[in-house]
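J.: I have a structure here, written as structure tokens, and I will follow up with some questions on it.
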Amino acid sequence: MDISIEVLGLLFLVASLAGFIDAMAGGGGLLTLPALLAVGVPPTQALATNKLQSSFGSFSATLYFVRQGVVNLKTMRLAIACTFVGAALGAELVQYIDTSLLTSLIPALLIAISLYFLLAPATKIETGPAPLSESTFAFTVGFGVGFYDGFFGPGTGSIFTVCFVVLGHLGLVEATARTKVLNFTSNIAALLFFLLAGLPIWQIGLTMAVGGFIGARIGAKVVVTKGQRWIRPLVITMSMLMAVKLLWEQHSSWLQSIF
Numbered sequence: 001m002d003i004s005i006e007v008l009g010l011l012f013l014v015a016s017l018a019g020f021i022d023a024m025a026g027g028g029g030l031l032t033l034p035a036l037l038a039v040g041v042p043p044t045q046a047l048a049t050n051k052l053q054s055s056f057g058s059f060s061a062t063l064y065f066v067r068q069g070v071v072n073l074k075t076m077r078l079a080i081a082c083t084f085v086g087a088a089l090g091a092e093l094v095q096y097i098d099t100s101l102l103t104s105l106i107p108a109l110l111i112a113i114s115l116y117f118l119l120a121p122a123t124k125i126e127t128g129p130a131p132l133s134e135s136t137f138a139f140t141v142g143f144g145v146g147f148y149d150g151f152f153g154p155g156t157g158s159i160f161t162v163c164f165v166v167l168g169h170l171g172l173v174e175a176t177a178r179t180k181v182l183n184f185t186s187n188i189a190a191l192l193f194f195l196l197a198g199l200p201i202w203q204i205g206l207t208m209a210v211g212g213f214i215g216a217r218i219g220a221k222v223v224v225t226k227g228q229r230w231i232r233p234l235v236i237t238m239s240m241l242m243a244v245k246l247l248w249e250q251h252s253s254w255l256q257s258i259f
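Here the sequence shown is numbered in full-length UniProt numbering, starting from 1 and rising by one per residue.
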């Protein structure tokens, strides 16, 4: 499709902001996917192009966290493998799965996540062993959330983060860093299927990828330097916005008939 330099520039800016937000709290797709649809990209290609550009953002954040020593990839090898397999299966099986139940349940889950971070103590030091070992976490949370991201996706980052905090007894900064590693893993797994189908629009996707890469790099730095002071409010805000968006998509016709 033909697209002007001005529109590409606007998409670059949107992706930059989305990458910044996504590196800290997830939910960047709330900005990028509607922007792609607004400029006339067909829905299926919009999903594929969005996955292409978001992969660069999640890679940028992951690279920064690894270089800063916030996360050690060796300790996450099993979680990475399980997440990849789960996301690949989700992307492959989406055509056979009825997602209507998940569509109804996810807004409630996102609201619960935002309430958890809103009401939990600002600094919470867990003592004793984590409820799940690294291997159990990988096979359950890694595979399960990866599978979910492969065929549906909204709120994946928030779900990973709260699982790392609650089930892994990690601090919010390390939980966010590990989340981006697994986000990148699931993004790549799903992207492979979109690439095989020839769906991404490369001109748009790569332009947004540059913006997302820069924005995510800045966002990851803020996570390391500012920590909970920035992450908590953004996780709460983005979880609530995603919940509202999903609820509106599900019930907009009913609400419009009332008002």
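All residues carry an ideal CB built from backbone N, CA and C; glycine is no exception. Since the model is a prediction, treat every value here as computed from it, not as a measurement.
Among residues of its own chain, excluding the 5 on either side of I163, which ones have a beta-carbon nearer than 6 Å to its beta-carbon?
T.: Per the sequence shown, the amino acid found at residue 163 is Cys instead of Ile. Counting only Cβ-Cβ distances below 6 Å, and skipping sequence neighbours, we find V141.
J.: Where do the N-terminal and C-terminal ends of the alpha helix (DSSP H) with T176 fall, by residue?
T.: 172–196
J.: How many Å lie between F84 and L10 at the Cα?
T.: Rounded to whole angstroms, F84 to L10 spans 32 Å at the Cα level.
J.: Quick check on residue 260: does DSSP put it in helix, strand or coil?
T.: With the chain covering 1 to 259 only, the question about residue 260 has no answer from this structure.
J.: Please report the distance separating the alpha-carbon of L17 from that of A220.
T.: 13 Å
J.: Using only alpha-carbon positions, find the residue among K226, A23, G90, P34 that is nearest to Y64.
T.: A23
J.: Quick one, which of L167, I218, R77, G90 has its alpha-carbon nearest P129's?
T.: L167
J.: Anyone know if the C-beta pair for S60 and R217 falls short of 8 Å?
T.: Cβ atoms of S60 and R217: closer than 8 Å.
J.: Alpha carbon to alpha carbon, how far is H169 from P131? Give it in angstroms, no decimals.
T.: Cα to Cα, P131 sits roughly 8 Å from H169.
J.: Count the other CB atoms, across all protein chains shown, that sit within 10 Å of the CB of I113; report buried if there are 16 or more and exposed otherwise.
T.: Result: buried.
J.: Sorted by chain position, which residues of the same chain lie with C-beta nearer than 7 Å to L31's C-beta, five sequence neighbours on each side aside?
T.: Excluding the 5 residues flanking it on each side, L31 has same chain C-beta neighbours closer than 7 Å at V14, L17, A18, in chain order.
J.: Cutting at 7 Å between CB atoms, please list the residues of its own chain near A35, excluding the five before and the five after it.
T.: Here the set comprises L11, V14.
J.: Can you name, in chain order, every residue of its own chain whose Cβ lies under 6 Å from the Cβ of I80, other than the five neighbours on each side?
T.: T185
J.: Report buried or exposed for G205, applying the criterion of at least 16 other Cβ atoms within 10 angstroms of its Cβ.
T.: So G205 ends up on the buried side.
J.: Compute the beta-carbon to beta-carbon distance between T200 and A48, rounded to the nearest angstrom, for a pair I have assumed lies under 8 Å.
T.: According to the sequence as given, residue 200 is Pro; it is not Thr. Contact holds; Cβ gap of about 4 Å.
J.: Could you give the DSSP three-state label for N50: helix, strand or coil?
T.: helix
J.: What are the boundary residues of the alpha helix (DSSP H) that M208 is part of?
T.: Annotation for M208: the continuous alpha helix (DSSP H) segment containing it runs 202–226.
J.: Can the beta-carbon of F20 be found less than 8 Å from the beta-carbon of G157?
T.: no
J.: Using 8 Å for Cβ pairs, my map puts L241 next to G27. What's the rounded Cβ distance?
T.: 7 Å
J.: Runs of 3 residues minimum, wholly inside the region 20–65: which ones carry the beta strand (DSSP E) assignment?
T.: none
J.: Going by beta carbon distance, what residues of the same chain come within less than 6 Å of L247, once the five residues before and after it are set aside?
T.: P107
J.: Would you decide whether K51 is buried or exposed? Buried here means 16 or more other CB atoms lie within 10 Å of its CB.
T.: K51 should be labelled buried.
J.: How long is the line joining the alpha carbons of V145 and L182, rounded to whole angstroms?
T.: 9 Å
J.: Tell me whether S104 is buried or exposed, calling it buried when 16 or more other Cβ atoms sit within 10 Å of its Cβ.
T.: S104 is exposed by the Cβ-count criterion.
J.: Under the rule that 16 or more other beta-carbon atoms within 10 Å means buried, what is A243, buried or exposed?
T.: buried
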